[in-house]
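Each remark here refers to the structure printed beneath this line.
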Amino acid sequence: MSQSIRVLIGDDSLELGISWATAFKEAGMYAITRPKSGKVLVEYVLTERPAVVILDAKTPGLDVCDIIKTIKNNVDYSPVVFVTANYDSAKVEFEVMDAGADYYMLRPFDSETLVSKVLSVYNDKLAGKRNTLADESDIECVVTEIIHQIGIPAHIKGYHYLRTAIILSVDDPEMINCITKLLYPTVARMYDTTPSRVERAIRHAIEIAWDRGDVDTLNGYFGYTIHTSRGKPTNSEFVALIADKLRLKYRCTALYSRRKTATPSKESVVNV
């Protein structure tokens, strides 16, 4: 299946476009890069008709939403459209999804993660599914990706405890409000350990991230919400910030889905 997928990347830089194209080719797909220029990019897409188009949220020359709408406004051609961005904005995500994008992905991420997600979304679309971030398996994948990007190694216990704590807090915000009496004991029962060990392991994981992790990535997720003078975030701050970001993302996606269902139009019909 992957060998028949043609991917067009709207970025011909060595840092992003070319490195991504190499990863797609290594996975057995056909990948090409094109200059990151709005109007020219639209012409390339409509002429070459790739199965997957990858765009940057900030594409010079033409608003990315206009690019998506132009591409999607074809009766006999509807590629999978990915939009990537190096900044977190629920507003931008909602706008590009509303314009017709199939997936919004926040950088940084490694090339293998991009290839895996493109294959997943592409296959889901072939199967007639609309991609949302609301199912359990996808939530776990997103949380895992975030923890990996932040710099927490997978071999330590705190990695697993922290991932579970964030997922539980996304599902039930009350968990983080009762972290000692509710969240730690719940995670402890799932791993057959004690609440105090869960707390210490999560603390250790966060300390590793702050001591060894990439500063730009940490700032990308936490911004100025954690003051340098105060040092590292507490366990509850760390879990709450990640869980809140994900919960907002899910609400944005749900609102998008409800709006499309309530106001169907020709533009909302995707031929697969």
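Oh and the sequence shown: position 255 is 254 in numbering that gives the first Met the number 0, straight run, nothing missing. Heads up, the beta-carbon is just placed ideally off N, CA and C, and yes, glycines get one too. These numbers were taken from a predicted model, which means no experiment stands behind them.
Nearest to residue i (by Cα), restricted to the options the options
i, options, result
"Pro34", "Val52, Leu45, Ser12, Lys24", "Ser12"
"Glu25", "Cys64, Arg188, Ile4, Ile53", "Ile4"
"Asp215", "Val114, Ser110, Ile149, Glu42", "Ile149"
"Val41", "Asn176, Lys68, Leu15, Met28", "Lys68"
"Phe93", "Ser110, Ala56, Tyr121, Arg106", "Ala56"
"Arg275", "Val197, Asp65, Val79, Ile146", "This structure cannot settle anything about residue 275, because the visible part of the chain is limited to 0 through 271."
"Val197", "Ile146, Asp213, Thr163", "Thr163"
"Ile146", "Thr58, Thr192, Glu173, Trp209", "Trp209"
"Thr83", "Pro232, Ile205, Cys64", "Cys64"
"Ser235", "Gly157, Leu182, Tyr220", "Leu182"
"Ser18", "Asp109, Tyr86, Asp87, Thr46", "Asp109"
"Glu206", "Pro152, Ile175, Lys71", "Pro152"
"Arg106", "Lys124, Leu118, Phe81, Asn122", "Phe81"
"Leu45", "Leu54, Gly27, Ile53, Ile70", "Ile70"
Exposed unless 16 or more other CB atoms sit within 10 angstroms - verdict on residue i
i, result
"Arg211", "exposed"
"Gly37", "buried"
"Leu161", "buried"
"Ala98", "buried"
"Gly9", "buried"
"Asn218", "exposed"
"Thr193", "exposed"
"Thr58", "buried"
"Ile126", "The sequence given here places Ala at residue 126; Ile does not occur at that position. Burial call: exposed."
DSSP three-state assignment for residue i, whether helix, strand or coil
i, result
"Val117", "helix"
"Phe93", "helix"
"Met189", "helix"
"Leu7", "strand"
"Phe81", "strand"
"Val74", "coil"
"Leu247", "helix"
"Leu105", "strand"
"Ile166", "helix"
"Thr233", "coil"
"Asp87", "coil"
Cβ separation of residue i and residue j, assumed to be a contact under 8 Å, to the nearest whole Å
i, j, result
"Lys116", "Tyr102", "7 Å"
"Lys22", "Val114", "Sequence inspection shows Ala at residue 22; the Lys mentioned does not correspond to that position. Yes, they are in contact, since the Cβ atoms of Ala22 and Val114 sit about 5 Å apart, within 8 Å."
"Val6", "Val51", "4 Å"
The stretch 60 to 76 contacting the stretch 21 to 34, beta-carbon criterion three pairs below 8 Å: The stretch 60 to 76, when compared against the stretch 21 to 34, does not touch it at the 8 Å Cβ threshold.
With a cut-off of 8 Å, do at least 3 Cβ pairs link the stretch 138 to 150 to the stretch 233 to 248? Touching, yes, given that three or more Cβ pairs across the two stretches are closer than 8 Å.
Give a yes or no on contact between the stretch 168 to 177 and the stretch 187 to 197, applying the rule of three or more CB pairs nearer than 8 Å. In short, these stretches do not touch, since the Cβ pair count stays below three.
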